[in-house]
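Quick note: the sequence shown uses our numbering, first residue 2, plus one each step.
Here the structure is laid out as structure tokens; the discussion comes afterwards.
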Amino acid sequence: MSKLRIAVQKSGRLNEDSMRILKDIGISIDNGIDQLKASARNFPVEVFYLRNGDIPQYLKDGVVDAAIIGENVLIEKGAGINVVEKLGFSTCRVCIAVPKTTNYNSIKDLEGQRIATSYPNTVEMYLKENGVNANLHIINGSVEIAPNIGLADAICDIVSSGSTLFKNNLKEVETILTSEAVLAVSPKLTAEKQDILDTIQFRIKSVLKGRDSKYVLLNAPNDKVQDIINVLPGMKSPTVLPLAEEGWSSIHSVISKNEFWNVIDDLKAKGAQGILVCPIEKMVL
Ligand SMILES: Nc1ncnc2c1ncn2[C@@H]1O[C@H](COP(=O)(O)OP(=O)(O)OP(=O)(O)O)[C@@H](O)[C@H]1O
Ligand SMILES: O=P(O)(O)OC[C@H]1O[C@H](OP(=O)(O)OP(=O)(O)O)[C@H](O)[C@@H]1O
Ligand SMILES: [Mg+2]
Numbered sequence: 002m003s004k005l006r007i008a009v010q011k012s013g014r015l016n017e018d019s020m021r022i023l024k025d026i027g028i029s030i031d032n033g034i035d036q037l038k039a040s041a042r043n044f045p046v047e048v049f050y051l052r053n054g055d056i057p058q059y060l061k062d063g064v065v066d067a068a069i070i071g072e073n074v075l076i077e078k079g080a081g082i083n084v085v086e087k088l089g090f091s092t093c094r095v096c097i098a099v100p101k102t103t104n105y106n107s108i109k110d111l112e113g114q115r116i117a118t119s120y121p122n123t124v125e126m127y128l129k130e131n132g133v134n135a136n137l138h139i140i141n142g143s144v145e146i147a148p149n150i151g152l153a154d155a156i157c158d159i160v161s162s163g164s165t166l167f168k169n170n171l172k173e174v175e176t177i178l179t180s181e182a183v184l185a186v187s188p189k190l191t192a193e194k195q196d197i198l199d200t201i202q203f204r205i206k207s208v209l210k211g212r213d214s215k216y217v218l219l220n221a222p223n224d225k226v227q228d229i230i231n232v233l234p235g236m237k238s239p240t241v242l243p244l245a246e247e248g249w250s251s252i253h254s255v256i257s258k259n260e261f262w263n264v265i266d267d268l269k270a271k272g273a274q275g276i277l278v279c280p281i282e283k284m285v286l
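Right, here's the structure in full:
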């Protein structure tokens, strides 16, 4: 049986979370140091450890069948490659920034300016959409230093917390796109491998849904149960079980982890006691 070849970043910001999601979907890999390729022990998958920036070309050529990659890199280099799942980690944005002292009013202010970037196609596209002509300087790292050494008037790079911009006396003036890690697929994927990919995608959905949710258990007097159920935005209807103590019930439900803090006070006010909130490993829908 053929194996699905999945590329992950060899080292860097995506590596750890990529390996974690593979592990969470039940793909065990013996990862030797400096290994560039490894087979899963229990699933028809081979993992290739590659540079993030090289992955779009490998996908286009069908050298790998799928990849965990930053969406921003696909936008820069990955025309024709499909994203099948957003993975929720390595969230960032690609922005244009200028020195804090620059008087910036609109994108038109970049006309004729020098912009340093590692993402030339992305910047070019954005400038073209806005009818602006600028001179791009392509550099591969430490882009934020460029204005301080007189190499450029502006930069375009990844921003997450904004601390690198801040440390280099820059301010964000345009957000070109937002990005996160995604599962991307080669346009040359065969039907046989599509079946393996479908299984992987189904498992990833279950893991991501689980990460997003909490299992809530609480106790309440029977006459408060309906009020409490009305507050809980559960999966379907919550489970209600009688407690050993007469007149009391235990309510179990699944709740989005973001919603939990919004309803906790209401639950308490409605008479909920002994509230437990537990992580969910996987949620199969
Ligand atoms: N500060 C950040 N916060 C969150 N995500 C980020 C940040 N910087 C980069 N990323 C995301 O992680 C991806 C990998 O970034 P990283 O810096 O590890 O690799 P790289 O140098 O771009 O690539 P390569 O593997 O080709 O050396 C980026 O493409 C982007 O999607
Ligand atoms: O907004 P922040 O949270 O400060 O993150 C943004 C910085 O993170 C990335 O660099 P990285 O640290 O990956 O270094 P690199 O340039 O060597 O890839 C990116 O290129 C920015 O410089
Ligand atoms: Mg980086």
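A virtual CB, placed ideally from N, CA and C, is assigned to each residue, including glycine.
Here the structure is a predicted model, which means the values were calculated and not measured.
Are there three or more Cβ pairs, one per stretch, closer than 8 Å when the stretch 148-166 is compared with the stretch 115-131?
Yes, they touch.
Can you tell me which of the three DSSP states T102 falls into?
Three-state DSSP puts T102 in coil, outside helix and strand.
When you compare the stretch 92-100 with the stretch 175-182, are there three or more beta-carbon pairs, one atom per stretch, that lie closer than 8 Å?
Result yes; three or more Cβ-Cβ pairs closer than 8 Å.
Are L218 and L268 touching if we call contact CB-CB under 8 Å?
Taking 8 Å as the cut-off, the Cβ atoms of L218 and L268 do not count as close.
Buried versus exposed, by CB contacts within 10 Å (16 or more), L242
By the Cβ neighbour-count rule, L242 is exposed, with fewer than 16 other Cβ atoms within 10 Å of its own.
Nearest neighbour of N141, chosen from A41, M2, N53 [CA to CA]:
Closest option to N141, judged by alpha-carbon separation, among A41, M2, N53: N53.
Along the alpha helix (DSSP H) that carries N231, what are the first and last residues, could you check?
Unbroken alpha helix (DSSP H) run through N231: 226-232.
What does a CB cutoff of less than 6 Å around D228 pick up in its chain, not counting 5 residues either side in sequence?
The answer, listed in chain order, is K271.
8 Å Cβ cutoff met for F49 and G27:
With contacts defined by Cβ atoms closer than 8 Å, F49 and G27 do not form a contacting pair.
Burial state of R21, where buried means 16 or more other Cβ atoms lie within 10 Å
Looking at its Cβ environment, which holds fewer than 16 other Cβ atoms inside 10 Å, R21 is exposed.
Does R42 pass the burial test, meaning 16 or more other C-beta atoms within 10 Å, or should it be called exposed?
With fewer than 16 other Cβ atoms within 10 Å, it is exposed.
By the 10 Å Cβ neighbour count, where 16 or more other Cβ atoms means buried, how is A80 classified, buried or exposed?
By the neighbour-count criterion, in which 16 or more other beta carbons inside 10 Å mark a residue as buried, A80 falls on the exposed side.
Can you name the residues that DSSP bridges to E173?
Beta-bridge pairing links E173 to A98.
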